[in-house]
Amino acid sequence: MAEKPSDTSDNQRLKQMFCHLTPKKAVIPYTMAIDDENNMWVASKGGLFKISPDGKEVLWSKENAFPKKMSAYTQVEYYDSKIYHIQNEDKTGLSEFKIYSKEGEELHDSFIDGRVQSLVINSRGEMFMTKQAENGQDEFFIYTTTTDKPTKWDELVVLDEKAFQTLCLYDDDTLVVSTVNVPINMYSKEWLRFVDIKEKKLSAPFSSHGKSEGQIYFPRAIKKYEDDFIVLDKTGKFQRFNREGKYLETSATIDAYLANGFEIIGDQALIICSGIVYDNTQETICDDWLEKITLDGSSWKSERLRDQ
7 MAEKPSDTSD NQRLKQMFCH LTPKKAVIPY TMAIDDENNM WVASKGGLFK
57 ISPDGKEVLW SKENAFPKKM SAYTQVEYYD SKIYHIQNED KTGLSEFKIY
107 SKEGEELHDS FIDGRVQSLV INSRGEMFMT KQAENGQDEF FIYTTTTDKP
157 TKWDELVVLD EKAFQTLCLY DDDTLVVSTV NVPINMYSKE WLRFVDIKEK
207 KLSAPFSSHG KSEGQIYFPR AIKKYEDDFI VLDKTGKFQR FNREGKYLET
257 SATIDAYLAN GFEIIGDQAL IICSGIVYDN TQETICDDWL EKITLDGSSW
307 KSERLRDQ
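Positions 7 to 314 (my numbering) are the ones given, in order, by the sequence shown.
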């Protein structure tokens, strides 16, 4: 059964864009990291792009010649003046892991077996990753290593018949992770869990699969926000939960199915958007962009109603 179409105007949002990524060749972006000079590093199927703080200029890039051959969930993290980038090759089932200096010099290159889905790094230089579920797989792991041993991945925690997906670094000793029953489809049961890094233990699950308040529908990104954390899923809702796993509020809402990720800057989310929209001639195009929204209950729908 097909998903219902999103409740959206479906028009290209040129006026609202902070940074238009498609003309910069950063097509189908998934994640972003912000360095200590406020440059934005965008990981996309089109490659890795260093973009100026005002969003206007590409300062450096490592482009992929054939973006369509890349798999989903390209990852980028910034740690200790270095850029950690993982991209997945669709047919080989391998992930290429590279570390760059801020100037773009390649410092490390290796391959990871499987297709990585999510990557985070804590202040101790401990890295954590999940991998995309493969057909027939029934055991799933969060993996860990340190930045000085980028090829020595070990298993941190394991689940049977429930895949780990999106990771969030809540603090140096705690992860938040979304999990989903396999096989994965639109009816799969989903939960959120905390992970105690030192004890290598998973908490009891909280939240549940769905599109109502407090439920999750395939989280795209999870980020720490003040003492809480915010979950962005396919519905376009930015839902806030506390450290006990209690749903607090919907902090913002955009149109469904367009957001692949976000970063929090002050009281705003800088959203990574990608989808099919109408241009000014009413032709459908694939468009990619960054856009800001304030985490105060704002929504695109209310903006459209206000501007009518």
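Glycine included, C-beta positions come from ideal geometry on N, C-alpha and C.
Quick check: the Cα distance between residue i and residue j, rounded to an integer number of angstroms?
| i | j | result |
| --- | --- | --- |
| V188 | R312 | 42 Å |
| R249 | L113 | 37 Å |
| L20 | D160 | 44 Å |
| S304 | I270 | 15 Å |
| S107 | L125 | 18 Å |
| M7 | K243 | With a pLDDT of 46 at M7, under the threshold of 50, the predicted position of this residue should be treated as unreliable, though the coordinate-derived value follows. Spanning the two alpha carbons is a distance of roughly 23 Å. |
| F103 | T287 | 41 Å |
| N191 | K97 | 21 Å |
| F69 | E109 | Note that residue 69 is Glu in the sequence shown here, rather than Phe. Between E69 and E109, the C-alpha separation is close to 15 Å. |
| E83 | S116 | 16 Å |
| P211 | T180 | 15 Å |
| G267 | R121 | 18 Å |
| S101 | Q314 | 46 Å |
| E63 | D285 | 23 Å |
| N17 | T157 | 44 Å |
| K195 | E111 | 43 Å |
| S12 | G272 | With a pLDDT of 48 at S12, under the threshold of 50, the predicted position of this residue should be treated as unreliable, and no value is reported. |
Quick check on this structure: which residue in the options has the alpha carbon closest to the alpha carbon of residue i?
| i | options | result |
| --- | --- | --- |
| S58 | H215, A265, M38 and L175 | M38 |
| D239 | I105, L173, T185 and A262 | A262 |
| T259 | G251, I236 and K252 | I236 |
| I40 | G61, F247 and V186 | G61 |
| Q138 | Q123, F55, S129 and T151 | Q123 |
| K155 | F170, F134 and G52 | F134 |
| K252 | W197, A49, E309 and R310 | W197 |
Are the Cβ atoms of residue i and residue j separated by less than 9 Å?
| i | j | result |
| --- | --- | --- |
| F24 | L301 | no |
| N94 | L65 | no |
| Q22 | E289 | no |
| G356 | Y85 | Here the chain comprises residues numbered 7 to 314, so residue 356 is not present and cannot be evaluated. |
| T256 | Q274 | no |
| I148 | T136 | yes |
| I316 | I105 | An answer regarding residue 316 cannot be provided, because it is not within the stretch 7 to 314 covered by the chain. |
| H26 | W306 | no |
| V186 | L173 | no |
| D234 | L254 | yes |
Can you tell me where the alpha helix (DSSP H) holding residue i begins and where it ends?
| i | result |
| --- | --- |
| R312 | W306 to D313 |
I'd like the span of the beta strand (DSSP E) that includes residue i, first residue to last.
| i | result |
| --- | --- |
| H215 | Premise fails: H215 is in no beta strand (DSSP E) and is neither H nor E. |
| D41 | Looking at the DSSP string, D41 is not in any beta strand (DSSP E), and its letter there is neither H nor E. |
| P225 | P225 to Y231 |
| A265 | A265 to I271 |
| W66 | V64 to E69 |
| I127 | V122 to I127 |
| S101 | L100 to S107 |
| F24 | Run containing F24: none; DSSP gives neither H nor E here. |
| said: Does the segment 135-147 come into contact with the segment 155-174, if we say contact requires no fewer than three beta-carbon pairs (one atom in each stretch) closer than 8 Å? | reply: Between the segment 135-147 and the segment 155-174 there are three or more inter-stretch CB-CB distances shorter than 8 Å, so the stretches are counted as touching.
| Does the segment 215-223 touch the segment 272-281, meaning 3 or more C-beta pairs lie closer than 8 Å? | These segments do not touch.
| query | Any contact of the segment 30-37 with the segment 75-82, i.e. 3+ C-beta pairs under 8 Å? | reply | Taking a contact to require three or more Cβ pairs closer than 8 Å, the segment 30-37 and the segment 75-82 qualify as touching.
| Inter-stretch contact (C-beta, 8 Å, three-pair minimum) for the segment 226-233 and the segment 199-215 | With a cut-off of 8 Å, the segment 199-215 and the segment 226-233 do not count as touching, because too few Cβ pairs lie within range.
| request: Would you be able to state if there are at least three C-beta pairs under 8 Å between the segment 20-32 and the segment 61-76? | output: Touching, per the Cβ criterion.
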